[in-house]
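In my numbering, the protein residues as written are 892 to 1683.
Using N, Cα and C, we set each Cβ at its ideal position, and we do this for glycine too.
A short write-up of the structure that comes next.
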């Protein structure tokens, strides 16, 4: 888990934007500007102070034991009861009485406490009688839990416990609570049963009154609406209802069918009239008229046929079409016989008698015969006259039929309107009637259900609710849990106290703690991380004779972790300068004591060991240290060169290490800044660039004096050294800002004095087998060089 404050913006952003307070995600005891960008890894921080946390935990536990001994033992009285349903009951009762999980909470409430307090003598106990809230004092230390069973189980076992300093008081409270709970179960059963019975009875009476009112309303509605016939319901053998058509709908369908048939006959008759008139107008087809008329009459006489006689018309009276057909045939036969046999022939007279019989039948039926001419009228001689008379008679029959069909069409339209109106009205009445019947049937069903529920309540009244029985006697024991709670609470408080103090101390400590902080604040590549030097007494004694400082760990312990760190910096630096061929490298730090000079010396040794010619210049004219590290004289150095007292070639000193030379600072001048600002320094550095592969210049701290900024324009790049646990975050940030403001090329930052065994996640003990921490015995520089080569 990370708690982080937002990082500050860079110099450019701060110069362009107004100064506002940054947002804070987490800041104990308020926000402080020095903690801007601060973050703490809680897990790693806790692991780093585990010893202190352990001490705080043990101290807290010890105080807890003392507190327990001082307060005295606590006793716990406990018993168990079994709560069961009396019998298998309906779902309605289950909803009335709830589940046993609710009872667990009910026992530790004022409801049960009041019964125990008033009925079972708890009001006589001074601890409760003198309390501000006696009922709360009763159940406050009461513990109720379910130890067996579930919500849906028939039986549940509940544990009831009470703790007190007085064992007798604890036992009395538990016994009183159990007894009070039993009384509450009985009272609750009676109250619930009575309330439910009254509710069901009220519902039943309301349903009965509503049913009666609806039946009365239905009767009044039936009396007010016109009489209509209900559709008879029909079902299949399996009981499935079938859709039935009412008589009103059937009548409407019949009228529609008759209208369709009448329209079809009307169209057919008009078509025949048109065909007959065309044939009569064409002299060439007069011979075919008789054939056409006879075929039409033959077609109309067939079952379901449609002819000129009008047979099959839905709207004509029964037998009218047949009479017209017979009358037409007799008149045609009569005319043919008159033409052949004469008027007084017996066959002619027989035909006329048949015609008179047909006409008489017309009159008796109240029908009007078609006008086919006067019976006995003499036909014109010749076949043409016969055909013309026949066609004229048949045309009159068809025209008469058209008139009848048109009259029937009007009558059918009126019948359709009446049938449709009646069917609509009957359908509306039928729907309303069915709604009344359904509502009455539903109310009767609800009423029957209410009566059944009342009957069930009467029968099951004695078997409702729950029954309680004790499974264990009340036992009183010392409370081990209370002891654990007291000791554990004090232990946790001790742990939190130590953690809190360490955390706030860490939070308000603004020094750099981790490499991640260095990267985020300096915003530059990390060139390397130098671990904390571990200098043994033997190493210090062994370096006294040769004059080299024990801090030159690369020389004294080339196989150590520290030496490997300088090799890593050397490799990174070579990679950064490979393309630019930079030679003049300036090394500085934020403050004095950051280890920049030691870093510069060891880095120079590491580069020289790679075969490059290296010159180490001590440009710190205020507090020079290179002569001390390498055991050289301080009489002649850079200050003398800048004062034109000696050439730089004569001021350079050789060292015990091959390829490494040192130009010390010399005697500290009174005006170091002015000397460094002279043209002599630039000329000297340009001359040195041609004689050496790498020139490392050790300069004063960049925040302390202006010397590093004076030298910076003359070099190719800068290495910034920060010391972990010493430099503050604001110091590192100001250093970066100053470097940016002067436009100094920054290769990167070197994190010095890393503690690999402390906080920060830098634990690399698994790699120890790759390092040789022993100090080699080196009698000569040559043997030292051989050892370095073998270690590489």
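- Message: Which of the three DSSP states is assigned to residue 1037 in this structure?
- Response: Translated into positions along the chain shown, residue 1037 becomes position 146. Looking at residue 1037 - three-state DSSP - the assignment turns out to be strand.
- Report the rounded CA-to-CA distance for residue 1422 versus residue 1375, giving the unit in angstroms. Within the chain shown, residue 1422 is the residue found at index 531, counting from 1. Within the chain shown, residue 1375 is the residue found at index 484, counting from 1. Their backbone Cα atoms lie some 45 Å apart in a straight line.
- Item | beta strand (DSSP E) runs wholly inside the segment 1583–1635, at least 3 long, in chain order | As far as the segment 1583–1635 is concerned, its whole beta strand (DSSP E) runs of at least 3 residues are 1585–1589 and 1608–1614.
- Take every Cβ of the segment 1439–1454, pair it with every Cβ of the segment 1580–1595, and state whether three or more of those distances are shorter than 8 Å. Segments in contact, no.
- Would you call the CB atoms of residue 1512 and residue 1556 closer than 7 Å? Locating residue 1512 in the chain shown gives position 621, where the first residue counts as 1. Locating residue 1556 in the chain shown gives position 665, where the first residue counts as 1. In contact: residue 1512 and residue 1556 (Cβ atoms closer than 7 Å).
- Item | Coarse secondary structure for residue 1336, derived from DSSP in three states | As a first step, residue 1336 must be located in the chain shown, where it is residue number 445. The answer is helix: DSSP assigns residue 1336 an H, G or I state.
- Item | Own chain partners of residue 1239 with C-beta closer than 8 Å, once the 5 adjacent residues on each side are dropped | Here residue 1239 corresponds to residue number 348 of the chain shown, with the count starting at 1. Excluding positions up to five away in sequence, the list reads 1225, 1228, 1229, 1232 and 1233.
- Report the rounded CA-to-CA distance for residue 1154 versus residue 1331, giving the unit in angstroms. As a working note, residue 1154 is residue 263 in the chain shown. As a working note, residue 1331 is residue 440 in the chain shown. Inter-residue distance for residue 1154 and residue 1331 is about 48 Å (C-alpha atoms, whole angstroms).
- Item | Three-state secondary structure assigned by DSSP to residue 1031 | Position 140 of the chain shown, counted from the first residue, corresponds to residue 1031. In this structure, residue 1031 counts as coil in the three-state DSSP scheme.
- Task: Determine contact between the segment 1389–1399 and the segment 1603–1612, defined as no fewer than three beta-carbon pairs at a distance below 8 Å.
- Result: Touching, no, given that fewer than three Cβ pairs across the two stretches are closer than 8 Å.
- Would you mind listing the alpha helix (DSSP H) stretches within the segment 1436–1460 that are 4+ residues and don't spill past its ends, in chain order? Runs of the alpha helix (DSSP H) inside the segment 1436–1460: 1444–1447.
- Message: If we require 4 or more residues per run, which alpha helix (DSSP H) segments fall completely within the segment 1472–1550?
- Response: With a minimum length of 4 residues, the continuous alpha helix (DSSP H) runs that stay inside the segment 1472–1550 are 1487–1500, 1517–1521, 1529–1533 and 1539–1542.
- residue 1073 to residue 1357, Cα distance in whole Å? On the chain shown, residue 1073 is found 182 positions in, with the first residue counted as 1. On the chain shown, residue 1357 is found 466 positions in, with the first residue counted as 1. Each residue's alpha carbon lies about 9 Å from the other.
- Look at residue 1415 and residue 1637 and say whether their C-beta atoms are less than 7 Å apart. As a position in the chain shown, residue 1415 is number 524, starting the count at 1. As a position in the chain shown, residue 1637 is number 746, starting the count at 1. In this structure, residue 1637 lies closer than 7 Å to residue 1415 by Cβ.
- At a cut of 8 Å, does the segment 952–969 reach the segment 1057–1071 through at least three beta carbon pairs? Between the segment 952–969 and the segment 1057–1071, the count of Cβ pairs shorter than 8 Å is three or higher; the stretches touch.
- Task: Return the CA-CA distance between residue 1550 and residue 1407, expressed in angstroms with no decimal places.
- Result: Numbered from its first residue, the chain shown carries residue 1550 at position 659. Numbered from its first residue, the chain shown carries residue 1407 at position 516. Their Cα atoms are separated by approximately 36 Å.
- Task: Could you tell me if residue 1112 is buried or exposed, where buried requires 16 or more neighbouring beta carbons within 10 angstroms of its beta carbon?
- Result: For the purposes of this step, residue 1112 is taken as the residue at position 221 of the chain shown. It is exposed - the Cβ of residue 1112 has fewer than 16 other Cβ atoms within 10 Å.
- Message: Going by DSSP in three states, residue 1561 sits in which element: helix, strand or coil?
- Response: Stepping through the chain shown from its first residue, residue 1561 is reached at position 670. Coil.
- Query: Would you report the Cα separation of residue 1104 and residue 1335, rounded to the nearest angstrom?
  - Reply: Taking the chain shown and counting its residues from 1, one reaches residue 1104 at position 213. Taking the chain shown and counting its residues from 1, one reaches residue 1335 at position 444. Straight across, the Cα-Cα distance linking residue 1104 with residue 1335 is about 13 Å.
- Item | Buried versus exposed call for residue 1235 [16 or more other C-beta atoms within 10 Å across all chains shown] | Position 344 of the chain shown, counting from 1, holds the residue named residue 1235. With fewer than 16 other Cβ atoms within 10 Å, it is exposed.
- Query: Which residues mark the beginning and the end of the alpha helix (DSSP H) in which residue 1023 is found?
  - Reply: In the chain shown, residue 1023 corresponds to position 132, counting from 1. Premise fails: residue 1023 is in no alpha helix (DSSP H) and is neither H nor E.
- Message: Our contact map puts residue 1572 next to residue 1533 with C-beta atoms below 8 Å; I'd like the distance itself, whole angstroms only.
- Response: Position 681 of the chain shown, counted from the first residue, corresponds to residue 1572. Position 642 of the chain shown, counted from the first residue, corresponds to residue 1533. Separation of the CB atoms of residue 1572 and residue 1533 is rounded to 6 Å, and the pair is thereby assigned contact status at 8 Å.
- Query: Taking just the CA atoms, how far does residue 941 sit from residue 1505?
  - Reply: Translated into positions along the chain shown, residue 1505 becomes position 614. Translated into positions along the chain shown, residue 941 becomes position 50. Looking at the backbone, the Cα of residue 1505 and that of residue 941 are separated by about 46 Å.
- Which parts of the segment 1342–1399 are runs of the beta strand (DSSP E), unbroken and 3 residues or longer, counting only runs that do not cross its ends? Along the segment 1342–1399, the beta strand (DSSP E) occurs as fully enclosed runs of 3 or more residues at 1357–1361 and 1366–1369, listed in sequence order.
- Query: Is the CB-CB distance between residue 1288 and residue 1214 below 7 Å?
  - Reply: As a position in the chain shown, residue 1288 is number 397, starting the count at 1. As a position in the chain shown, residue 1214 is number 323, starting the count at 1. No, they are not a contact pair.
- Task: Check residue 1173 in the structure and name its three-state DSSP category.
- Result: Residue numbering aside, residue 1173 sits at position 282 when the chain shown is read from its first letter. Residue 1173: coil per DSSP, three-state reduction.
- Query: Expressed to the nearest angstrom, what Euclidean distance is found between the alpha-carbon atoms of residue 1608 and residue 937?
  - Reply: Position 717 of the chain shown, counted from the first residue, corresponds to residue 1608. Position 46 of the chain shown, counted from the first residue, corresponds to residue 937. Those two C-alpha atoms are separated by around 40 Å.
- Answer yes or no: do residue 1384 and residue 1076 have a C-beta to C-beta separation smaller than 7 Å? If you number the chain shown from 1, residue 1384 lands on position 493. If you number the chain shown from 1, residue 1076 lands on position 185. Residue 1076 sits away from residue 1384, with the two beta carbons spaced by 7 Å or more.
- Query: Out of curiosity, what's the CA-to-CA distance linking residue 1455 and residue 1560?
  - Reply: Stepping through the chain shown from its first residue, residue 1455 is reached at position 564. Stepping through the chain shown from its first residue, residue 1560 is reached at position 669. Whole-angstrom Cα-Cα distance: 37 Å.
- If we call anything under 7 Å between Cβ atoms a contact, is residue 1381 one with residue 944? If you number the chain shown from 1, residue 1381 lands on position 490. If you number the chain shown from 1, residue 944 lands on position 53. 7 Å or more divides the Cβ of residue 1381 from the Cβ of residue 944.
- So what's residue 1319 in DSSP terms, helix, strand or just coil? The residue you call residue 1319 lines up with position 428 of the chain shown. In this structure, residue 1319 counts as helix in the three-state DSSP scheme.
- Task: Quick one: using the 10 Å Cβ neighbour count with 16 as the cut-off for buried, is residue 1014 buried or exposed?
- Result: By one-based count along the chain shown, residue 1014 stands at place 123. It counts as exposed.
- Message: Taking 6 Å as the limit between beta carbons, can you name the residues of its chain near residue 1377, skipping five residues before and five after?
- Response: For the purposes of this step, residue 1377 is identified with residue 486 of the chain shown, where counting begins at 1. So the list reads 955, 958 and 959, once near-sequence residues are dropped.
- Considering only residues of the same chain and omitting the five flanking positions on each side of residue 1362, which have a CB-CB separation below 7 Å? Start at 1 with the first residue of the chain shown, and residue 1362 comes out as number 471. Closer than 7 Å at Cβ, skipping near neighbours: 971, 972, 973 and 1048.
- Item | Nearest neighbour of residue 1110, chosen from 1372, 1323 and 1338 [CA to CA] | For the purposes of this step, residue 1110 is taken as the residue at position 219 of the chain shown. Answer by Cα proximity: 1323.
- Item | First through last residue of the alpha helix (DSSP H) which encompasses residue 959 | One-based indexing of the chain shown puts residue 959 at position 68. For residue 959, the enclosing alpha helix (DSSP H) has its first and last residue at 941–962.
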